[in-house]
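Residue numbers (this note's numbering): 13 to 736.
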């Protein structure tokens with residue numbers, strides 16, 4: 013036989029499949045392959061021998077073989093996947109995804125839900141039509157499998173039931189009891205077969221704990237499955253690595269030496285995070301794709317139940333820290349690839365514990381600040397968020413912290429991951445620094461409900477500028493209509509939009525008269541015509557809402573367009589001045605009572621780069637109200653900050669924080685313009701935040717007047733006496 017037709021073998025010794033990733037090994041394999049290719053090309057073009065091997069290299073972008081040809085029991089080792097699959101990943105995909113038809117249908121249903129998340133930015137709360145089809149097929153196939161008594165305790169049965177727990181956990185579907193039903197069935201099957209140690213396949217064992225952990229975390233309940241050995245090993249600190257010194261850990265052990273469950277977990281987290289911070293990019297990517305220590309830490313935190321030992325001070329503090337740590341880890345878990353991570357139950361439990369148990373923290377108060385910070389950052393419930401923010405502000409006050417950077421430094425001193433939380437303080441900072449009352453709100457509440465008789469505007473003429481859209485159309489107009497204003501004068505530049513608002517009010521409040529007057533408030537002649545019309549129809553107005561403004565000149569002072577900057581200043585300042593002046597001149601006498609509500613903003617006293625025109629203009633109208641309060645004491649002139657409401661003017665960076673409702677702002681406006689009940693005159697010339705509770709504001713009346721609060725002032729100690 014010709015030598016070229018004889019089979020030849022070249023051996024590449026590998027100790028582990030991962031050795032295939034070694035660059036030198038790959039180079040050697042390529043060289044051997046190309047040698048054979050060269051031999052084949054040099055051969056005469058004769059009929060191919062029976063035993064001859066010719067390597068045909070396929071372009072990796074060419075169409076891959078159909079999986080159906082390879083069967084459903086294993087994965088094609090040459091198929092391409094979105095990520096590089098190691099042996100564990102291939103085994104997991106083959107066993108859980110492909111070996112069982114029922115589990116595979118759940119894989120497809122989950123895939124559809126992940127596509128929904130990618131498209132909409134959130135996971136669906138229930139299966140859509142396509143996902144539901146696969147879920148129902150999985151149910152039918154699972155019933156068929158479980159009807160076979162010989163398979164009741166098989167690995168296939170375990171994998172199928174796990175697919176149900178994972179499916180419901182991904183949807184956050186717990187209220188109906190489906191997740192618990194399947195988890196209980198899984199526990200029963202595993203007990204029947206002799207316990208978790210009878211699951212010898214590591215990937216199946218991990219998947220059992222994964223479905224258990226996702227559901228347990230989302231509900232804040234103890235896990236059913238014990239901690240897998242692999243997870244326990246992953247969260248074990250490498251021997252010989254020094255542990256970072258934690259001042260708060262030292263303080264805990266001094267104050268509560270017998271409460272070691274939570275603090276031991278916390279110490280491990282501090283150590284593991286310090287180790288992770290030293291990883292290079294490749295190592296960090298490997299950690300993300302192959303799992304992390306967070307699963308084991310989360311398991312330990314869920315298994316720890318301080319309140320099971322009673323409601324003593326030490327147990328309550330430990331429970332708050334346990335819940336705060338879970339909320340701290342949730343964004344870290346997402347950063348490592350876990351999705352979704354449901355935290356509503358955890359933040360709710362933290363809220364309940366804090367409200368039910370008033371405890372002293374002493375030197376451990378930084379832990380309370382830390383827990384509240386991540387609760388405010390993580391929770392999506394508006395009421396809960398407001399409470400956490402209020403609590404954070406109160407603790408900040410009790411610690412006599414004057415500046416936000418002091419509080420943030422306190423949070424970072426406990427535990428912080430800059431790659432995950434950098435910039436997370438922007439919204440929290442603004443909310444906390446705006447807190448002035450113990451209670452805060454994001455929506456209308458009883459004290460500002462415009463339908464209550466005490467806030468009636470019956471017989472009053474209300475004039476609203478900027479009424480064609482945003483807060484004017486959605487907040488002030490309907491709120492004053494609900495309060496029974498005699499007529500409402502709707503003012504803006506666009507007649508068509510104003511008429512739409514008037515038509516909407518006519519349907520929702522048929523007894524309320526409206527007057528549409530298209531006006532350019534920055535034009536003196538246009539404003540003069542507006543008030544001629546008001547005088548002709550009603551004599552004068554009783555309430556003025558200065559809502560008209562623009563927000564367009566967004567750029568650093570060096571780069572901002574000059575004309576846009578000046579246009580913003582002109583409309584926001586001159587327009588407010590012109591309307592206010594005409595409103596005052598039309599009053600029957602200097603002693604006639606009236607109400608003026610002028611919209612301002614947090615950027616009037618906080619510097620937001622690139623917002624100079626808006627911030628300065630809103631500072632100007634804030635001061636305009638201060639001057640007016642002194643010059644016309646019979647007129648209540650308040651500057652109202654509306655919070656963050658989603659309107660046409662909301663900046664892109666602020667949209668994700670826009671949780672305040674137009675009804676909240678409209679209700680506060682009606683309350684400030686009230687004619688009966690408590691005296692609001694102490695708020696004239698002052699800054700009022702729509703989020704603040706109005707009853708709490710009234711309770712602080714004497715303090716506000718005595719200390720002259722809620723006004724712009726020069727923050728400095730002046731006078732010659734300071735030098736003596």
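Note that beta-carbon positions come from the ideal geometry of N, C-alpha and C, so glycine has one too. It should be emphasised that the depicted structure is a prediction, and the values quoted were computed from it without experimental measurement.
Asked, Found
"Apart from the five residues just before and just after residue 405, which ones in its own chain have a Cβ nearer than 7 Å to its Cβ?", "444 and 447"
"To test your reading of the DSSP string, which unbroken beta strand (DSSP E) runs of 3 or more residues are found completely within the segment 484-541?", "499-504 and 525-530"
"Within the continuous beta strand (DSSP E) that includes residue 719, where are the two ends?", "Here residue 719 belongs to no beta strand (DSSP E); instead the alpha helix (DSSP H) covers 713-719."
"Please name the residue or residues paired with residue 170 in a DSSP beta bridge.", "Residue 170 pairs with nothing; no bridge assigned."
"Can you find at least 3 beta carbon pairs, one from the segment 564-575 and one from the segment 485-496, that sit closer than 8 Å?", "no"
"By how many angstroms is the C-alpha of residue 239 removed from the C-alpha of residue 224?", "11 Å"
"Select from 437, 165 and 383 the residue whose C-alpha is nearest the C-alpha of residue 427.", "383"
"Between the Cα of residue 599 and those of 646, 133 and 185, spot the shortest distance and give me the residue it belongs to.", "646"
"Please determine, among 546, 365 and 519, the residue with the shortest C-alpha to C-alpha distance to residue 323.", "365"
"At which residues does the beta strand (DSSP E) containing residue 196 begin and terminate?", "Residue 196 -> not in any beta strand (DSSP E); alpha helix (DSSP H) instead, spanning 190-205."
"Using the C-alpha atoms, what's the distance from residue 346 back to residue 586?", "49 Å"
"Using a 10 Å radius around the Cβ and a threshold of 16 neighbouring Cβ atoms, would you call residue 54 buried or exposed?", "Confidence at residue 54 is low in this model, with a pLDDT of 47, below 50, so the placement of that residue should be treated as unreliable; the coordinate-derived value is given next. Result: exposed."
"If you draw a straight line from the C-alpha of residue 589 to the C-alpha of residue 607, how long is it?", "15 Å"
"Which stretch, first to last residue, makes up the beta strand (DSSP E) that contains residue 376?", "Taken as a continuous stretch (DSSP letters only), residue 376 belongs to no beta strand (DSSP E), as it is neither H nor E."
"Hey, residue 344 and residue 284: beta-carbon distance below 8 Å or not?", "no"
"So, do the segment 178-192 and the segment 118-126 have three or more beta carbon pairs nearer to each other than 8 Å?", "yes"
"Can you tell me which of 678, 385, 706 and 369 puts its alpha carbon nearest to the alpha carbon of residue 689?", "706"
"If we count the other Cβ atoms within 10 Å of its Cβ and call it buried at 16 or more, is residue 236 buried or exposed?", "buried"
"Would you report the Cα separation of residue 626 and residue 505, rounded to the nearest angstrom?", "20 Å"
"Buried or exposed, going by whether 16 or more other CB atoms sit within 10 Å of the CB of residue 385?", "buried"
"Please state whether DSSP places residue 340 in a helix, a strand or coil.", "helix"
"Can you check whether the CB of residue 634 is closer than 8 Å to the CB of residue 699?", "yes"
"Restricting to Cα atoms, I'd like to know which of 554, 451 and 202 is closest to residue 471.", "554"
"Could you tell me which uninterrupted beta strand (DSSP E) segments, each at least 3 residues in length, are contained entirely in the segment 223-249, listed from first to last along the chain?", "none"
"DSSP three-state label for residue 728, please.", "coil"
"Taking C-beta to C-beta, are residue 208 and residue 202 nearer than 8 Å?", "yes"
"Once you ignore the five residues that flank residue 461 on each side, which residues in its own chain have a CB closer than 7 Å to its CB?", "679"
"Could you check which residue in 391, 539, 325 and 156 has the C-alpha nearest to that of residue 374?", "325"
"Take residue 354 as the anchor and find which of 270, 287, 431 and 232 has the nearest alpha-carbon.", "232"
"Around the C-beta of residue 421, are 16 or more other C-beta atoms found within 10 angstroms, so that it is buried, or is it exposed?", "exposed"
"Taking all protein chains shown into account, do 16 or more other C-beta atoms lie within 10 angstroms of the C-beta of residue 597, making it buried, or fewer, making it exposed?", "exposed"
"Over the uninterrupted alpha helix (DSSP H) stretch that includes residue 595, give me the two end residues.", "588-598"
"Pull the bridge partners of residue 690 from the DSSP assignment, please.", "In the DSSP output, where bridge partners are listed per residue, residue 690 has none listed."
"Take every Cβ of the segment 649-657, pair it with every Cβ of the segment 606-623, and state whether three or more of those distances are shorter than 8 Å.", "yes"
"When you compare only the Cα positions, how much space is there between residue 84 and residue 149?", "Low confidence applies to residue 84: its pLDDT is 33, below 50, so where it sits in the model is not reliable enough to give any reading."
"Output the distance between the C-alpha atoms of residue 174 and residue 114, rounded to the nearest integer angstrom.", "11 Å"
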